[in-house]
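Peer 1: Okay, handing you the structure first.
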Amino acid sequence: MPARKVPVEFGEWRPDVALLDTQFAADVENVFAGVNSYLPFPSLRALSNFALPAPARGLFSARTTTGEWRIYAGTATRLYRYSSSLGWVDISRATGGDYHLRTDDLWMFEQSGDHIVAVNANDPPQWAVISTGAAFEALPGNPPNATNVRQMGDFLFLSGLAEPNQRQIIWSAINDITNWEIGLNLCDLQEFPDGGPVQGVAGAEIGYVVQERAVRTLQFLPGDVTFIFNFSRVLHDRGSISKYGFASLGNVLYFVSEDGFYSLTGQQVTPIGSDKVNQWWLDNSDISRRNVVHCIVPINKPRVVWVYEASSASPRYDRQIIFDWSNGRWARASVEADVFAMIASLGIDLDTDDPSDLPNDTLLDSTSPGLDSFAYQGGRPLIGAIGPDGKLGTLTGPNMQAMMETAEVHLAPGGRAFISDVYVIDDAGGGAGTIAAGTRERLGDAPVFQANAQIEITGSAASYTSGRLHRFRRIIPAATVWTHAEGVVVEAQQDGSVA
Amino acid sequence: MIIHDGDGNEVGDIVLSVKQQAVLATGEEIVVIYNTPQTLRHVLGQKSGSFTLLKVGDKVIVRDANVLRRYAELQRAIKSARGHV
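Chains as they are written, first to last, in my numbering: chain A, 2 to 500; chain B, 212 to 296.
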């Protein structure tokens with residue numbers, strides 16, 4: 002049989018299905034999933050050299066009434082506001098001493114008008130005026146401690162309440178987050194008889210009460226002072242395993258349950274991770290910290306990101322599993338950071354001499370962009386994080402080292418195949434990176450990968466392997482510029498039998 | 212906060228939020244609506260109503276003293292019931 006060219010696509014990453022002779026990828030790392038390719042995943046780029054004095058345990062950005070953005074962070078004991086000139090400014094409460102964040106817990110923040118509210122289980126909810134940058138102090142009205150805070154319409158909801166009220170939520174008086182007197186101005190609480198502890202509240206026009214083993218919709222009843230909100234259980238036996246493991250985008254709720262990932266739109270539940278990544282994730286995440294898996298919904302891309310720890314040895318969040326809701330595909334990445342959150346880019350100081358900043362025009366003598374350009378204004382949504390070094394960064398750095406591995410294929414059906422050449426279908430600059438072929442004779446054997454072969458000037462890598470089953474692993478080095486990776490084309494011919 | 216009727220008589224002592232006090236301080240009226248919390252209706256029954264407050268001098272005045280009395284009574288009952296349920 003003469004040699005023939007066989008395209009092998011990376012395909013959709015679906016590690017939960019049997020992969021032999023499919024068009025699914027066996028594994029990917031540090032990529033985003035495109036509709037027919039994989040896309041590069043940027044590294045964490047520090048925005049400044051200012052470091053938090055202790056590991057970050059919360060991150061949030063809020064907008065002033067005049068449209069400027071402020072970035073807040075918390076540690077186990079203090080709360081901070083970021084200043085591009087001063088770094089992290091301690092704006093912890095003046096009275097009451099250090100905060101007492103529980104081990105592994107995060108600060109949760111919410112904006113309500115010109116105030117930011119910060120909660121954790123061990124301290125009374127805190128609030129601060131955003132526009133003045135004032136220090137935090139106890140939220141008036143004596144609200145209960147909570148692990149989750151959410152503004153829904155004219156009400157501020159607190160959930161994740163302390164025992165014995167874990168099945169309760171409480172909301173503020175209408176349009177008054179300083180009033181927590183139940184029965185007054187529509188402030189009230191609701192207790193749910195089943196479904197376990199309430200993890201939090203999410204949503205927009207359709208609100209969701211996310212419990213450990215149930216999800217309820219929440220709808221404001223204008224003019225009804227008797228019930229105020231209508232609650233309907235739309236999902237039972239499944240809820241969020243993590244108090245931070247859910248988020249909403251519009252009216253769609255995304256959450257991670259005991260058995261994997263789901264989305265919920267009104268009453269329509271979709272098992273978005275079933276037969277795709279659920280089992281892989283359960284096998285490759287730290288079971289002891291699944292209760293603090295954190296879900297982030299980027300608003301600049303059609304993606305949902307869950308950050309988690311890979312194993313009990315992970316000192317902090319070190320993995321991300323990413324769902325692209327526009328094409329239903331998954332991908333994963335390995336960025337290590339103490340906290341992740343959606344943040345907004347800060348405005349650019351036109352006096353900057355940082356060459357990595359926009360507009361990179363220290364003399365202000367270029368004709369584009371103009372001095373009032375939108376490019377100078379902050380507010381662009383970015384995935385932010387505070388890395389192990391305590392520095393605030395965004396996922397805008399050079400591309401990370403990417404890895405994509407094809408499914409396993411019979412290149413010579415019914416027999417063994419000899420591979421002589423592998424051509425990569427990607428635009429990694431200068432043919433950067435390597436390809437490695439993995440082979441095995443039986444599905445019960447462990448695949449054996451040959452040494453990584455460099456891509457030559459022809460776009461191919463010489464690969465001399467023989468086996469019944471083949472798979473191909475492409476690695477694109479860190480900092481390589483590329484846009485799409487689709488797969489490989491291998492030159493294969495029938496080989497002799499091992500018998 | 213101590214609430215008075217139009218004649219300056221003390222009617223009741225109720226909790227007003229920081230925001231409500233701030234609005235009163237500007238001379239504006241505030242309307243307070245109340246209802247029995249959902250979780251206590253089986254104990255206290257369904258009660259609801261509303262009253263209007265305004266600040267005159269250094270005193271907060273209620274326009275309908277009887278409604279405020281009923282609310283103050285409900286507020287005491289809520290506190291008592293929450294202490295026992």
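No residue lacks a Cβ here, since even glycine has one placed at the ideal position from N, Cα and C.
So if I threshold CB-CB distances at 7 Å, which residues from the region 194 to 211 of chain A count as touching chain B?
Peer 2: none
Peer 1: Exposed or buried, LEU45/A, counting other C-beta atoms within 10 Å across all chains shown (16 or more means buried)?
Peer 2: By one-based count along the first sequence, residue 45/A stands at place 44. Buried, because 16 or more other Cβ atoms sit within 10 Å of the Cβ of LEU45/A.
Peer 1: Residues in its own chain within less than 6 Å of GLU192/A by CB, not counting five upstream and five downstream?
Peer 2: Taking the first sequence and counting its residues from 1, the one referred to as residue 192/A is at position 191. The residues are ARG168, GLN169.
Peer 1: Could you check whether LEU107/A and GLY154/A sit closer than 7 Å to each other, using their CB atoms as the reference points?
Peer 2: For the purposes of this step, residue 154/A is taken as the residue at position 153 of the first sequence. For the purposes of this step, residue 107/A is taken as the residue at position 106 of the first sequence. Pairing GLY154/A with LEU107/A gives a Cβ-Cβ distance that is not under 7 Å.
Peer 1: I want to verify the contact list: residues of chain B whose CB lies under 8 Å from the CB of ASP177/A, in sequence order.
Peer 2: The residue labelled residue 177/A in the question sits at position 176 within the first sequence. Simply SER228, LYS230, GLN231.
Peer 1: Starting from GLY249/A and walking both ways along the alpha helix (DSSP H), at which residues does that stretch end?
Peer 2: On the first sequence, position 248 is the one that residue 249/A refers to. Sequence inspection shows Ser at residue 249/A; the Gly mentioned does not correspond to that position. Unbroken run through SER249/A is the beta strand (DSSP E), 247 to 250; no alpha helix (DSSP H).
Peer 1: Could you check whether the Cβ of GLU111/A sits closer than 7 Å to any Cβ belonging to chain B?
Peer 2: The residue you call residue 111/A lines up with position 110 of the first sequence. With its beta carbon at least 7 Å from every one in chain B, GLU111/A lies outside the interface.
Peer 1: Return the chain-ordered list of same chain residues with a C-beta closer than 7 Å to the C-beta of ASN143/A, the five sequence neighbours on each side being excluded.
Peer 2: Taking the first residue of the first sequence as position 1, residue 143/A is located at position 142. Excluding residues within five positions, the ones whose Cβ falls inside 7 Å are TRP181.
Peer 1: Using the three-state DSSP reduction, which class does GLN232/B fall into: helix, strand or coil?
Peer 2: Counting from one through the second sequence, the residue named residue 232/B turns up at place 21. In this structure, GLN232/B counts as helix in the three-state DSSP scheme.
Peer 1: How far does the beta strand (DSSP E) with LEU284/B in it reach, from first residue to last?
Peer 2: In the second sequence, the residue the question calls residue 284/B occupies position 73. Residue identity check: residue 284/B is Glu in the sequence provided, not Leu. Counting along the chain, GLU284/B falls outside any beta strand (DSSP E), though it belongs to the alpha helix (DSSP H) covering 276 to 293.
Peer 1: Which residues of chain A have a Cβ atom closer than 7 Å to the Cβ of LEU264/B, listed in chain order?
Peer 2: Within the second sequence, residue 264/B is the residue found at index 53, counting from 1. The contacting residues do not exist; LEU264/B stays about 12 Å from chain A at best.
Peer 1: Given a cut-off of 7 Å, decide if THR104/A and LYS244/A are closer than it, judged by their beta-carbon atoms.
Peer 2: On the first sequence, position 243 is the one that residue 244/A refers to. On the first sequence, position 103 is the one that residue 104/A refers to. Cβ atoms of LYS244/A and THR104/A: not closer than 7 Å.
Peer 1: What residues in the region 232 to 249 of chain B bring their beta carbon closer than 7 Å to a beta carbon of chain A?
Peer 2: VAL243, ILE244, TYR245, ASN246, THR247, PRO248, GLN249
Peer 1: Let me check understanding here. Comparing Cα to Cα, which of THR481/A, TRP483/A, TYR424/A lies closest to ILE456/A?
Peer 2: For the purposes of this step, residue 456/A is taken as residue 455 along the first sequence, with counting starting at 1. The residue with the shortest Cα to Cα distance from ILE456/A is TYR424/A.
Peer 1: Would ILE420/A and ALA493/A qualify as a contact pair, given that the criterion is a beta-carbon distance under 7 Å?
Peer 2: If you number the first sequence from 1, residue 420/A lands on position 419. If you number the first sequence from 1, residue 493/A lands on position 492. Against a cut-off of 7 Å, the Cβ pair of ALA493/A and ILE420/A comes out as a contact.
Peer 1: Leaving out five residues before and five after ASP224/B in sequence, what residues of the same chain have Cβ atoms less than 6 Å from its Cβ?
Peer 2: Numbered from 1 along the second sequence, position 13 holds the residue referred to as residue 224/B. So the list reads ILE213, once near-sequence residues are dropped.
Peer 1: Relative to the alpha-carbon of GLY217/B, which residue among VAL254/B, LYS266/B, THR237/B, HIS253/B has its alpha-carbon at the smallest distance?
Peer 2: Along the second sequence, read from residue 1 onward, the residue named residue 217/B stands at position 6. With distances taken between Cα atoms, GLY217/B lies closest to LYS266/B.
Peer 1: How would you call ILE384/A, buried or exposed, if buried means at least 16 neighbouring beta carbons within 10 angstroms?
Peer 2: Translated into positions along the first sequence, residue 384/A becomes position 383. Label assigned to ILE384/A: buried.
Peer 1: Quick check on the burial criterion: 16 or more other C-beta atoms within 10 angstroms. Buried or exposed for PRO16/A?
Peer 2: Taking the first residue of the first sequence as 1, we reach residue 16/A at position 15. Buried.
Peer 1: With DSSP run on the structure shown, which of helix, strand or coil describes GLY59/A?
Peer 2: Taking the first residue of the first sequence as 1, we reach residue 59/A at position 58. Correct three-state label for GLY59/A: strand.
Peer 1: Give every residue of the same chain whose Cβ lies closer than 7 Å to the Cβ of VAL242/B, excluding the five residues on either side of it in the sequence, and list them in chain order.
Peer 2: As a first step, residue 242/B is located in the second sequence; it is residue number 31 there, counting from the start. SER261, THR263.
Peer 1: Using beta carbons (cut-off 7 Å, strictly below), is LEU157/A in contact with chain B?
Peer 2: On the first sequence, position 156 is the one that residue 157/A refers to. Chain B, which has no Cβ nearer than 7 Å to the Cβ of LEU157/A, makes this no.
Peer 1: May I ask you to list the residues that DSSP assigns as paired with SER233/A?
Peer 2: In the first sequence, residue 233/A corresponds to position 232, counting from 1. THR218/A.
Peer 1: On a Cα-Cα basis, can you pick out the residue from ASN50/A, ALA57/A, ASP260/A that is closest to ASP284/A?
Peer 2: Within the first sequence, residue 284/A is the residue found at index 283, counting from 1. The option with the nearest alpha carbon to ASP284/A is ASP260/A.
Peer 1: Between the region 258 to 272 of chain A and the region 206 to 219 of chain A, are three or more C-beta pairs nearer than 8 Å?
Peer 2: yes
Peer 1: Are the region 320 to 329 of chain A and the region 33 to 40 of chain A in contact at 8 Å, needing three or more beta carbon pairs?
Peer 2: Yes, since at least three Cβ pairs between the region 320 to 329 of chain A and the region 33 to 40 of chain A fall closer than 8 Å, the two stretches touch.
Peer 1: Look up TRP326/A in the DSSP assignment and say whether it is helix, strand or coil.
Peer 2: The residue given as residue 326/A occupies position 325 in the first sequence. TRP326/A: coil per DSSP, three-state reduction.
Peer 1: How far does the alpha helix (DSSP H) with ASP284/A in it reach, from first residue to last?
Peer 2: The residue you call residue 284/A lines up with position 283 of the first sequence. 279 to 284 is the extent of the alpha helix (DSSP H) around ASP284/A.
Peer 1: Does any residue of chain A have a CB that is nearer than 7 Å to the CB of SER291/B?
Peer 2: On the second sequence, position 80 is the one that residue 291/B refers to. Not an interface residue.
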